[in-house]
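Peer 1: Dropping a structure here in structure tokens format, bear with me for questions.
There are 2 protein chains.
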Amino acid sequence: MTSEILEEIKKTIVQRLPERVQVAKVEFEGPEVVIYTKNPEIITENGDLIRNLAKDLRKRIIIRSDKSVLLDPEKTIDKIHEIVPEEAKITNIYFDEVTGEVVIEAKKPGLVIGKYGVTSREVVKNTGWAPKILRTPPISSEIIERVRNTLKHNSKERKKILQDLGTRIHQGSKYENEWARLTSMGGFREVGRSCMLLQTPNSRVLLDCGVNVAGDEKSAYPFLNVPEFSLSDLDAVVISHAHLDHTGFLPYLYHYGYEGPIYCTAPTRDLMTLLQLDHIDIAHREDDPLPFNIKHVQKSIKHTITLDYGEVTDISPDIRLTLHNAGHILGSAMSHMHIGDGQHNMVYTGDFKYERSRLLEPATARFPRVETVVMESTYGGHEDVQPSRNNAEKQMMKTIYKTLKRGGKVLIPVFAVGRAQELMIVLEEYMRHGMIEEVPIYIDGMIWEATAIHTARPEYLSKDLRDQIFHMGRNPFISESFHKVQNVNERKDIVEGEPCIILSTSGMLTGGNSVEYFKWLSEDEKSTLIFVGYQSEGSLGRRIQKGWKEIPLKEEGKTKLYNVKMEIKTIEGFSGHSNRRQLMEYVKKLSPRPEKVIMCHGDAYKTLDLASSVHRSYKIETKTPLNLESTRIQ
Amino acid sequence: MTSEILEEIKKTIVQRLPERVQVAKVEFEGPEVVIYTKNPEIITENGDLIRNLAKDLRKRIIIRSDKSVLLDPEKTIDKIHEIVPEEAKITNIYFDEVTGEVVIEAKKPGLVIGKYGVTSREVVKNTGWAPKILRTPPISSEIIERVRNTLKHNSKERKKILQDLGTRIHQGSKYENEWARLTSMGGFREVGRSCMLLQTPNSRVLLDCGVNVAGDEKSAYPFLNVPEFSLSDLDAVVISHAHLDHTGFLPYLYHYGYEGPIYCTAPTRDLMTLLQLDHIDIAHREDDPLPFNIKHVQKSIKHTITLDYGEVTDISPDIRLTLHNAGHILGSAMSHMHIGDGQHNMVYTGDFKYERSRLLEPATARFPRVETVVMESTYGGHEDVQPSRNNAEKQMMKTIYKTLKRGGKVLIPVFAVGRAQELMIVLEEYMRHGMIEEVPIYIDGMIWEATAIHTARPEYLSKDLRDQIFHMGRNPFISESFHKVQNVNERKDIVEGEPCIILSTSGMLTGGNSVEYFKWLSEDEKSTLIFVGYQSEGSLGRRIQKGWKEIPLKEEGKTKLYNVKMEIKTIEGFSGHSNRRQLMEYVKKLSPRPEKVIMCHGDAYKTLDLASSVHRSYKIETKTPLNLESTRIQ
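Chains as they are written, first to last, in the UniProt record's numbering: chain A, 1 to 634; chain B, 1 to 634.
Here it is as structure tokens:
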């Protein structure tokens with residue numbers, strides 16, 4: 001059947017393209033249609049041709065050259081260096097023989113593309129190779145290198161994966177789309193292990209697949225044993241953002257035989273790889289291994305299809321996915337699902353911030369259509385009114401200013417991904433403007449690597465940051481104020497040295513180097529510990545926040561008592577989540593107005609509180625399903 | 001594994017029974033454990049022995065004789081006639097060689113059993129054969145004969161079915177019972193196609209499997225395509241009562257490969273067989289055949305396990321079923337489901353009447369435990385206040401009295417199962433007491449057969465009727481006032497003859513002989529048409545009820561206009577459903593008080609109306625799921 005569809009598409013393509021274009025082969029590659037031609041230059045020079053064809057076919061189209069017209073690799077490299085200006089700073093060129101792509105890694109990828117793509121088209125015309133242009137991050141990233149290598153070394157396998165996937169996606173709907181529903185598999189009336197299954201008569205799509213890192217055996221993982229879930233029936237997994245409560249259980253799916261795709265943004269892929277590997281590592285160190293390993297993270301990478309915001313993609317016979325900015329962390333996305341022939345449209349917000357932050361633009365609230373919204377309710381309680389961002393920053397600066405002035409050090413325990421980078425931008429800005437003293441800002445633990453990933457994806461940052469980076473040529477992340485902490489000795493030098501600011505994981509002092517810094521600084525009256533994130537019950541952070549003055553901690557196997565003499569400060573308002581007001585405002589501003597709002601990702605009472613407020617204020621039907629419940633959306 | 005469990009059970013049995021009892025074999029037979037012994041008399045004479053054993057094992061136990069001690073059949077027949085008194089009126093004796101049972105059909109089965117079972121024990125002692133005693137109905141029933149024959153001729157196959165089933169039921173729970181949920185597959189926020197799936201980590205049980213006879217292609221059948229439903233995973237089907245909106249799609253399951261059991265009361269099995277066969281017949285005549293045929297009804301019969309009210313039965317590794325009287329029609333049952341080791345108890349009411357009727361006792365409202373109730377809401381609207389039964393009867397009598405007095409005939413179109421028998425009892429009673437004239441009551445169509453089934457199961461009737469039948473020896477169903485209409489000619493004689501009362505199907509004049517009677521009588525000013533049931537929009541009954549005076553109807557291929565001159569009367573209050581007040585009262589009286597009430601079987605607004613009233617009045621959580629939704633009950 002599929003080959004019939006493919007034949008049909010090929011026929012249309014041949015009919016529509018000018019006769020002189022020789023179509024050698026047409027293939028599915030995941031959601032895309034790839035045309036191999038002997039005259040790629042004709043097509044690439046006439047952009048409208050492809051745009052119109054794509055519109056007619058309602059498919060995304062990629063043009064590549066037939067093997068017969070590919071220039072010899074050595075000569076291609078020379079040609080590329082000839083065509084691309086030196087300022088682009090190419091760092092690497094390699095070839096994907098399977099697809100006919102040449103990968104060009106450069107510090108300034110924009111210059112490899114050229115104005116309106118003129119430079120990259122020149123490459124095609126002169127070499128036949130289709131250029132795939134990647135940014136060389138200004139801070140080198142192990143993870144990005146790992147991801148790129150994985151894809152490079154498994155090109156053939158990936159091609160096969162994508163072809164099989166294409167076959168499934170384009171096979172057409174077998175049943176009428178008379179209904180659609182959502183099964184809550186985790187993260188409903190709770191925070192952690194976010195996971196839900198979208199079902200139509202023709203497809204099954206999993207949205208997020210997280211863990212609850214603080215959960216016990218029964219509450220750590222989503223309910224994959226819900227009767228309607230079967231790995232072999234699954235069409236796709238869509239990931240909202242990289243945090244482990246949304247991605248931590250993904251490798252498990254591949255461990256247990258899932259062979260289908262993951263859809264997410266490129267930064268989400270990279271950041272979740274970082275977090276998943278770290279999770280495996282910690283579990284291993286704590287002698288409590290996870291039910292999967294590095295191999296399965298690797299397998300996830302091979303099966304991930306990255307999408308940019310706004311890119312419309314078929315992910316199953318009757319579901320079309322578009323990701324939109326969610327404003328929560330780098331690459332975080334709202335998933336817009338268009339079901340059937342417009343029968344229904346659903347938006348899953350994932351975690352989102354409906355306010356401009358230093359790092360990101362506020363979440364999208366306008367969609368072409370939307371009937372059902374599944375939204376987070378982390379701060380959905382009526383009491384969840386955090387101070388404004390502006391206020392929070394002012395408090396932060398005042399505290400740092402005072403501490404540095406009295407010769408103290410500032411320790412900020414922080415989550416590696418998201419909040420850390422937000423703070424880095426704030427600190428860099430205030431320091432640059434002389435509002436706090438210029439002291440070294442030490443970046444310890446995974447934060448550095450997460451920041452490197454941020455520098456590889458500037459196009460996902462706020463307009464303000466993009467302006468700084470692209471137009472003013474100044475990237476705050478590579479400011480000289482930031483210092484990567486390399487080893488234990490250095491840490492000792494830092495705590496014994498001059499006033500400084502230290503950002504270190506973990507954010508709740510539940511392990512990692514933040515605890516070590518605390519041990520060193522706790523008795524120093526001049527220094528300050530600033531909490532910027534939620535401290536969960538039972539964590540060391542929580543105890544200190546509560547005002548405990550004597551803290552017993554293990555030191556080289558023995559328990560030692562630490563007297564807390566340093567200043568302890570909690571500053572709210574740096575959250576990546578919308579507060580109560582912003583959640584309500586978001587529903588109000590949603591355009592078009594949805595018919596139904598389903599609440600997830602919040603403690604039970606906050607979920608219920610928000611649902612009842614939305615219902616009362618806006619007369620919109622709200623639902624607060626439990627885990628393991630299925631709710632009709634259409 | 002199972003044989004291990006069986007071995008274990010056998011060991012316990014051998015230990016507990018006196019040494020002189022020789023246990024030859026222990027087998028599962030569906031939910032029961034069968035002990036084959038060479039000395040059945042020892043056990044049967046000591047009832048406590050088995051009762052205690054059953055209690056210890058928490059299983060139902062049956063005693064049968066080992067083949068070696070069975071008396072020759074011919075001699076057994078003689079022996080039985082010797083032991084059983086002649087007044088028992090034995091009509092048939094036959095042997096089930098597979099099980100070692102002797103089936104004794106008698107007009108007075110109580111006399112075959114004897115006081116405290118003394119007579120039937122005598123049979124065991126003298127012949128070795130375990131007597132299975134069936135009532136010979138005073139009105140002969142084709143359906144009952146058909147069912148008994150089916151079971152008789154497929155004894156070996158049935159034994160195999162039951163053994164396989166036993167294996168599955170007793171295999172023990174594989175997973176912890178941390179949740180239970182219910183998927184709505186049909187009949188939620190609507191009336192018709194009742195069907196729901198109860199799921200636990202260890203089992204899947206379908207409750208009812210009906211059709212909507214008035215539905216189109218999309219609304220006629222339950223959503224068997226819901227992702228969590230799979231015929232091969234299904235442990236059991238439990239049927240609340242015989243009406244087609246609860247049983248009409250059952251044969252389809254067997255058509256598509258279901259091999260598991262159906263649990264229901266014996267009258268439900270017989271009545272649903274009647275209705276299913278009739279449904280197939282009508283569909284065939286209307287040239288719109290159903291997606292199954294008689295073979296599959298036959299297969300259903302072979303897979304049905306009948307339960308009496310109050311009989312506790314394991315139907316899956318973690319679900320224990322008990323049926324209770326629902327008061328709706330003969331054999332109608334509420335299903336009490338005990339899940340796991342008491343983790344949860346759910347009651348599905350099916351259709352029920354919480355008021356004593358002529359025919360039946362009111363529905364049970366006391367259960368050992370109950371956390372969730374799934375209840376019907378047919379008359380759940382606050383406007384659904386029907387007149388009392390007493391009032392309805394008075395109106396009926398007045399109307400009949402007047403009509404007969406003026407020399408007219410009374411035509412009552414009525415559903416064959418339930419309401420017809422209720423009216424028969426009322427009419428017989430009033431006629432016997434001289435409150436209406438003694439005229440023939442003609443019983444036309446399927447009503448006669450349905451009544452025959454009622455006479456086969458007097459133990460399911462109201463206490464009042466049972467008293468009449470068992471103690472006063474007077475069965476109102478076999479009153480001489482009732483006349484079975486045999487053929488067309490007879491019908492003509494009836495309408496042209498003396499004053500009389502005619503009960504005929506269909507109840508809404510949508511076909512069947514009631515339409516023919518109407519044609520004959522419509523222009524007779526002296527006669528009366530009485531509606532006693534709901535007339536659905538679009539039916540002929542509805543049009544007449546609305547007051548149409550000219551009715552075009554097909555007569556021998558041509559359309560003829562009928563002038564309605566006969567009196568038209570609607571009498572409410574004979575419904576088999578609880579009215580609004582009774583529904584509310586039922587929830588109030590439920591003992592123990594449930595935590596959650598889920599509404600089904602009602603038009604959307606009635607379902608919502610009742611749910612909100614129950615919530616407001618009793619502060620019990622209520623749910624009104626849509627079809628295709630899954631709701632947590634635990």
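Every residue gets a Cβ at the ideal spot worked out from N, C-alpha and C, and that includes glycine.
1) Which residues does DSSP pair with methionine 396 of chain A in a beta bridge?
2) Just the C-alpha distance for proline 267 of chain B and isoleucine 5 of chain B, rounded to the nearest angstrom, thanks.
3) Cβ of asparagine 293 of chain A within 6 angstroms of any heavy atom in the ligand FAD?
4) I'd like to know if tryptophan 520 of chain A contacts chain B, where contact means its C-beta is closer than 7 angstroms to some C-beta of that chain.
5) Where does the unbroken beta strand (DSSP E) through aspartate 314 of chain A begin, and where does it stop?
6) If you draw a straight line from the C-alpha of serine 184 of chain A to the C-alpha of threonine 622 of chain A, how long is it?
7) To which residues of the same chain is alanine 452 of chain A closer than 6 angstroms at the C-beta, ignoring the five residues directly before and after it?
8) Pick out whichever of A:Ile77, A:Asn52, A:Gly407 has its Cα sitting closest to the Cα of isoleucine 61 of chain A.
9) Can you give me the start and stop residues for the alpha helix (DSSP H) that glutamate 101 of chain B sits inside?
10) Please report whether the beta-carbon of serine 630 of chain A lies at a distance below 7 angstroms from any beta-carbon of chain B.
11) With a cut-off of 8 angstroms on the beta carbons, I'd call valine 102 of chain A and aspartate 270 of chain A a contact; round off their distance for me.
12) For the segment 164-194 of chain A, enumerate the residues whose C-beta is nearer than 8 angstroms to any C-beta of chain B, in chain order.
13) What's the call for proline 40 of chain A, buried or exposed, on a 16-neighbour Cβ count within 10 Å?
14) Of the residues A:Gln535, A:Glu19, A:Asn345, A:Leu57, which one's Cα is nearest the Cα of residue 681 of chain A?
15) Report the rounded CA-to-CA distance for alanine 416 of chain B versus glycine 573 of chain B, giving the unit in angstroms.
16) Rounded to whole angstroms, what is the Cα-Cα separation between threonine 624 of chain A and histidine 601 of chain A?
17) Are the CB atoms of isoleucine 501 of chain A and isoleucine 551 of chain A nearer to each other than 7 angstroms?
18) How far does the alpha helix (DSSP H) with glutamate 585 of chain B in it reach, from first residue to last?
19) Please confirm if proline 317 of chain A has its CB atom under 7 angstroms from at least one CB of chain B.
20) Select from A:Val123, A:Ile42, A:Ile447 the residue whose C-alpha is nearest the C-alpha of arginine 20 of chain A.
21) Can you list, in chain order, the residues of the segment 602-629 of chain B whose Cβ is nearer than 7 angstroms to any Cβ on chain A?
22) In angstroms, rounded to a whole number, what distance separates the CA positions of tyrosine 94 of chain B and leucine 71 of chain B?
23) List the residues of chain B whose Cβ lies closer than 8 angstroms to the Cβ of asparagine 225 of chain A, in chain order.
24) Does any C-beta atom of chain B lie closer than 7 angstroms to the C-beta of glutamate 228 of chain A?
25) Which term fits glycine 118 of chain A, buried or exposed, when burial requires 16 or more other beta carbons within 10 angstroms of its beta carbon?
26) Classify arginine 121 of chain A as helix, strand or coil using the three-state DSSP reduction.
27) Any chance you could list the beta strand (DSSP E) runs of at least 3 consecutive residues sitting entirely within the segment 354-392 of chain A, in chain order?
28) Grab me the residues of asparagine 154 of chain B's own chain with a C-beta within less than 8 angstroms of its C-beta, minus the 5 sequence neighbours each way, in chain order.
29) Restricting to runs no shorter than 3 residues, where is the beta strand (DSSP E) found entirely within the segment 409-481 of chain B?
30) In this structure, how does DSSP classify glutamine 276 of chain B when only helix, strand and coil are distinguished?
31) Tell me whether threonine 559 of chain B is buried or exposed, calling it buried when 16 or more other Cβ atoms sit within 10 Å of its Cβ.
32) List the endpoints of the continuous beta strand (DSSP E) containing glutamine 199 of chain B.
33) Throw me the rounded Cβ distance for the methionine 396 of chain A and isoleucine 568 of chain A pair, which I believe falls under 8 angstroms.
34) Among A:Asp278, A:Gly114, A:Pro227, which has the Cα closest to the Cα of isoleucine 143 of chain A?
35) In this structure, how does DSSP classify threonine 247 of chain A when only helix, strand and coil are distinguished?
36) Within a Cβ cutoff of 7 angstroms, which residues of the same chain sit near asparagine 126 of chain B, ignoring the five residues on either side of it in sequence?
Peer 2: By the coordinates alone:
1) Walking along the first sequence from the start, residue 396 of chain A turns up at place 396. In the DSSP assignment, methionine 396 of chain A forms no beta bridge with any residue.
2) Along the second sequence, one-based indexing puts residue 267 of chain B at 267. Along the second sequence, one-based indexing puts residue 5 of chain B at 5. Distance between the alpha carbons of proline 267 of chain B and isoleucine 5 of chain B: 34 angstroms.
3) Among the ligands in the structure shown, none appear at all, so the ligand FAD cannot be discussed.
4) Translated into the one-based positions of the first sequence, residue 520 of chain A becomes position 520. Judged by the 7 angstroms Cβ criterion, tryptophan 520 of chain A is not in contact with chain B.
5) In the first sequence, counting from the first residue as 1, residue 314 of chain A sits at position 314. 313-316 is the extent of the beta strand (DSSP E) around aspartate 314 of chain A.
6) Within the first sequence, the letter at position 184 stands for residue 184 of chain A. Within the first sequence, the letter at position 622 stands for residue 622 of chain A. Spanning the alpha carbons of serine 184 of chain A and threonine 622 of chain A requires a straight line of approximately 15 angstroms.
7) Locating residue 452 of chain A in the first sequence gives position 452, counting from the first residue. Apart from sequence neighbours up to five positions away, the residues of its chain that approach alanine 452 of chain A with a beta-carbon distance below 6 angstroms are Pro137, Ile139, Ser141, ordered along the chain.
8) Looking up residue 61 of chain A in the first sequence gives position 61. Among A:Ile77, A:Asn52, A:Gly407, the Cα nearest to that of isoleucine 61 of chain A is on A:Asn52.
9) Taking the second sequence and counting its residues from 1, the one referred to as residue 101 of chain B is at position 101. Where glutamate 101 of chain B is concerned, there is no enclosing alpha helix (DSSP H), although the beta strand (DSSP E) it sits in stretches over 101-106.
10) Locating residue 630 of chain A in the first sequence gives position 630, where the first residue counts as 1. Interface residue, yes.
11) Walking along the first sequence from the start, residue 102 of chain A turns up at place 102. Walking along the first sequence from the start, residue 270 of chain A turns up at place 270. About 22 angstroms separates the beta carbons of valine 102 of chain A and aspartate 270 of chain A, which is beyond the 8 angstroms limit, so they are not a contact pair.
12) Within the segment 164-194 of chain A, those residues whose Cβ lies closer than 8 angstroms to any Cβ of chain B are, in chain order, Tyr175, Glu178, Trp179, Arg181, Thr183.
13) Here residue 40 of chain A is taken as the residue at index 40 of the first sequence, counted from 1. With 16 or more Cβ atoms within 10 Å of its Cβ, proline 40 of chain A is classed as buried.
14) Residue numbering for chain A in the displayed model covers 1 to 634; residue 681 of chain A lies beyond these limits and cannot be assessed.
15) As a first step, residue 416 of chain B is located in the second sequence; it is residue number 416 there, counting from the start. As a first step, residue 573 of chain B is located in the second sequence; it is residue number 573 there, counting from the start. Rounded to whole angstroms, alanine 416 of chain B to glycine 573 of chain B spans 17 angstroms at the Cα level.
16) To locate residue 624 of chain A, count along the first sequence from 1; it is residue 624. To locate residue 601 of chain A, count along the first sequence from 1; it is residue 601. Each residue's alpha carbon lies about 10 angstroms from the other.
17) Locating residue 501 of chain A in the first sequence gives position 501, counting from the first residue. Locating residue 551 of chain A in the first sequence gives position 551, counting from the first residue. In this structure, isoleucine 551 of chain A does not lie closer than 7 angstroms to isoleucine 501 of chain A by Cβ.
18) Start at 1 with the first residue of the second sequence, and residue 585 of chain B comes out as number 585. Run containing glutamate 585 of chain B: 580-589, per the alpha helix (DSSP H) assignment.
19) Position 317 of the first sequence holds residue 317 of chain A. By this cut-off, proline 317 of chain A is not an interface position.
20) The residue labelled residue 20 of chain A in the question sits at position 20 within the first sequence. Closest in alpha carbon position to arginine 20 of chain A, among A:Val123, A:Ile42, A:Ile447, is A:Ile42.
21) Listed in chain order, the positions of the segment 602-629 of chain B with a beta carbon within less than 7 angstroms of a beta carbon of chain A are Leu626, Leu628, Glu629.
22) On the second sequence, residue 94 of chain B is found 94 positions in, with the first residue counted as 1. On the second sequence, residue 71 of chain B is found 71 positions in, with the first residue counted as 1. When the Cα atoms are used, tyrosine 94 of chain B and leucine 71 of chain B turn out to be separated by approximately 13 angstroms.
23) Here residue 225 of chain A corresponds to residue number 225 of the first sequence, with the count starting at 1. By Cβ distance, chain B contributes Tyr175, Pro201.
24) Taking the first sequence and counting its residues from 1, the one referred to as residue 228 of chain A is at position 228. Yes - at least one Cβ of chain B is within 7 angstroms of the one on glutamate 228 of chain A.
25) Counting from one through the first sequence, the residue named residue 118 of chain A turns up at place 118. First, the residue type needs correcting, since residue 118 of chain A is valine and not glycine in the sequence shown. It is exposed - the Cβ of valine 118 of chain A has fewer than 16 other Cβ atoms within 10 Å.
26) Residue mapping note: residue 121 of chain A aligns to position 121 of the first sequence, counting from 1. Three-state result, arginine 121 of chain A: helix.
27) Uninterrupted beta strand (DSSP E) stretches at least 3 residues long and entirely within the segment 354-392 of chain A occur at 372-376, given in chain order.
28) Within the second sequence, the letter at position 154 stands for residue 154 of chain B. The beta carbon of asparagine 154 of chain B sits closer than 8 angstroms to those of Lys302, all from its chain and outside the five residues before and after it, given in chain order.
29) If we require 3 residues or more, the beta strand (DSSP E) runs fully inside the segment 409-481 of chain B come out as 410-413, 441-443.
30) Here the question's residue 276 of chain B lines up with position 276 in the second sequence. Helix, per DSSP.
31) Start at 1 with the first residue of the second sequence, and residue 559 of chain B comes out as number 559. Threonine 559 of chain B comes out exposed.
32) Taking the second sequence and counting its residues from 1, the one referred to as residue 199 of chain B is at position 199. Start and end: 195-199.
33) Taking the first sequence and counting its residues from 1, one reaches residue 396 of chain A at position 396. Taking the first sequence and counting its residues from 1, one reaches residue 568 of chain A at position 568. The Cβ separation is near 14 angstroms, so there is no contact.
34) Taking the first sequence and counting its residues from 1, one reaches residue 143 of chain A at position 143. Measuring from the Cα of isoleucine 143 of chain A, the nearest candidate turns out to be A:Asp278.
35) Locating residue 247 of chain A in the first sequence gives position 247, where the first residue counts as 1. Shown here, threonine 247 of chain A sits in a helix according to DSSP, grouped into three states.
36) Counting from one through the second sequence, the residue named residue 126 of chain B turns up at place 126. Lys79, Ile83, listed in sequence order.
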